[in-house]
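Asker: Here it is, the structure in full.
In the UniProt record's numbering, the protein residues as written are 1 to 300.
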């Protein structure tokens with residue numbers, strides 16, 4: 001079973017990254033020599049990103065850049081303080097949410113963290129620790145960076161996936177326009193490919209509209225459906241049967257010769273579906289079902 005990072009305690013996260021109290025102490029020891037030079041880090045880091053197109057889109061003014069720089073320096077001060085608690089984790093989640101909100105990609109974030117690691121542990125570090133202490137601190141700092149990256153990337157990915165899901169749902173709703181074209185008559189033009197997920201959403205939307213409008217007839221026009229195979233035919237039958245259980249007569253229009261031949265070749269009992277070749281024919285039948293008569297007006 002996949003672990004949800006959001007449900008893990010701080011101790012659980014520390015254990016997952018093999019971060020012990022002595023590791024955090026080693027990070028603080030290294031930070032004592034690097035934190036005083038963080039302004040230099042800021043100068044070098046922002047010179048580096050100045051030529052990166054993705055950052056140019058985000059940092060559109062000196063004020064935005066100055067704010068981001070101040071936040072980033074504070075981020076590293078908190079990192080080297082190595083007081084990993086709930087607040088520390090929340091701040092890392094905030095970083096992930098901010099990257100998702102402004103649209104900075106994860107590859108750009110990873111590249112920035114890698115460049116920062118080089119600046120902080122090699123460029124700015126001047127050998128104040130013994131070789132043994134430096135190696136211990138370097139390993140501990142690497143673990144803590146991985147700790148941070150895990151939380152940031154998880155938060156970023158979750159929020160982006162939620163945004164994509166909402167957009168997909170919105171598009172799906174737009175592609176399922178169940179319209180009341182007459183009193184007691186609903187119509188849905190279906191365009192594109194029908195898979196299991198879309199068929200389920202179509203069914204739920206249609207049944208909800210039937211319940212709301214108390215419609216007596218539902219017309220589903222499939223003239224825009226690209227392919228009808230056994231799966232699509234099954235979905236159509238399920239939708240018509242479901243509407244029938246709610247006392248609504250289903251009519252399927254837009255049956256082309258190719259679709260009709262395919263359904264017969266697949267062995268489906270087409271008598272289970274009330275079909276017509278054109279939407280015009282389906283409308284005439286729908287009016288008969290609700291007891292209305294269609295009269296053609298004279299052109300004279």
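Beta carbons are placed, not taken as given, at the ideal position from N, Cα and C, and that holds for glycine.
Short of 8 Å in beta carbon distance, which residues of its chain neighbour residue 160, apart from the five on each side in sequence? Order them along the chain.
Answerer: Hits under 8 Å: 100.
Asker: Can you tell me whether DSSP reads residue 302 as helix, strand or coil?
Answerer: Because residue 302 is not part of the residues shown, which for the chain are 1 to 300, the question remains open.
Asker: Thinking residue 185 and residue 277 are a contact (beta carbons under 8 Å), I'd like their distance in whole angstroms, please.
Answerer: The Cβ separation is near 19 Å, so there is no contact.
Asker: By DSSP's criteria, residue 252 is part of a beta bridge. Which residues make up the other side?
Answerer: Its beta-bridge partners are 220 and 275.
Asker: Run through DSSP, which three-state label would residue 1 get?
Answerer: Its pLDDT being 47, under 50, residue 1 is placed unreliably in this model, and the coordinates cannot settle the point.
Asker: Just to confirm the assignment: which complete alpha helix (DSSP H) runs, minimum length 4, are found wholly within the stretch 77-129?
Answerer: Qualifying alpha helix (DSSP H) stretches, in chain order: 86-102 and 106-118.
Asker: DSSP three-state call for residue 246: helix, strand or coil?
Answerer: DSSP places residue 246 in coil when its eight states are reduced to three.
Asker: Distance check for residue 134 and residue 1, CA to CA, integer angstroms please.
Answerer: Because the pLDDT of residue 1 is 47, which lies under 50, any placement of that residue in the model is unreliable, and the number read from its coordinates should be weighed accordingly. In a straight line, the C-alpha of residue 1 is about 38 Å away from that of residue 134.
Asker: Name the residue from 191, 284, 197 and 28 whose alpha carbon lies nearest to the alpha carbon of residue 81.
Answerer: Comparing Cα positions, the closest option is 28.
Asker: Could you check whether the stretch 113-132 touches the stretch 29-43, counting it as contact only if at least three pairs of C-beta atoms, one from each stretch, sit closer than 8 Å?
Answerer: Flag = yes, the stretch 113-132 and the stretch 29-43 touch.
Asker: Please name the residue or residues paired with residue 191 in a DSSP beta bridge.
Answerer: 224, per the DSSP bridge assignment.
Asker: Return the CA-CA distance between residue 62 and residue 96, expressed in angstroms with no decimal places.
Answerer: Using only the alpha carbons, I get a separation of about 23 Å.
Asker: Where does residue 25 land, buried or exposed, given buried means 16+ other C-beta within 10 angstroms?
Answerer: Looking at its Cβ environment, which holds fewer than 16 other Cβ atoms inside 10 Å, residue 25 is exposed.
Asker: Would you identify the three-state DSSP class for residue 186, choosing helix, strand or coil?
Answerer: In the structure shown, residue 186 sits in a strand (DSSP, three-state: E or B).
Asker: What three-state label does DSSP hand residue 290 in the structure shown?
Answerer: Residue 290 falls in the coil class under three-state DSSP.
Asker: Report, in whole angstroms, the separation of the C-beta atoms of residue 289 and residue 249, which I expect to be a contact under 8 Å.
Answerer: The Cβ separation is near 5 Å, so the contact holds.
Asker: Please work out which residues of its chain come closer than 8 Å, Cβ to Cβ, to residue 355, disregarding the five sequence neighbours upstream and downstream, and give them in chain order.
Answerer: As displayed, the chain neither begins before 1 nor continues past 300, which places residue 355 out of reach and without an answer.
Asker: For the pair the stretch 104-121 and the stretch 1-15, tell me if three or more CB-CB distances fall below 8 Å.
Answerer: Contact fails: fewer than three Cβ-Cβ distances are below 8 Å.
Asker: Going along the chain, which residues of its own chain have a beta-carbon closer than 8 Å to the beta-carbon of residue 119, five neighbours each way excluded?
Answerer: Counting only Cβ-Cβ distances below 8 Å, and skipping sequence neighbours, we find 41, 44 and 45.
Asker: For the putative contact between residue 220 and residue 239, defined by C-beta atoms under 8 Å, what is the C-beta separation to the nearest angstrom?
Answerer: Their Cβ separation, rounded to whole angstroms, is 7 Å, which keeps residue 220 and residue 239 in contact under 8 Å.
Asker: Under 9 Å, do residue 129 and residue 23 count as touching if we go by C-beta distance?
Answerer: Cβ atoms of residue 129 and residue 23: not closer than 9 Å.
Asker: Sort out for me which residues DSSP pairs residue 179 with in a bridge.
Answerer: Residue 179 is bridged to 187.
Asker: Nearest to residue 232 by CA position, among 257, 204, 268 and 206, is which residue?
Answerer: When each option's Cα is compared against that of residue 232, the closest is 268.
Asker: With distance defined between alpha-carbon atoms, name the residue in 151, 259, 275 and 196 nearest to residue 98.
Answerer: For the residues 151, 259, 275 and 196, the minimum Cα distance to residue 98 belongs to 151.
Asker: Consult DSSP for residue 44 and reduce its assignment to one of helix, strand or coil.
Answerer: In the structure shown, residue 44 sits in a helix (DSSP, three-state: H, G or I).
Asker: Excluding the 5 residues preceding and the 5 following residue 244 in the sequence, name in chain order all residues of the same chain whose CB lies nearer than 7 Å to its CB.
Answerer: Excluding sequence neighbours, residue 244 sits near 250.
Asker: Does DSSP put residue 267 in a helix, in a strand, or in coil?
Answerer: It is coil, neither helix nor strand.
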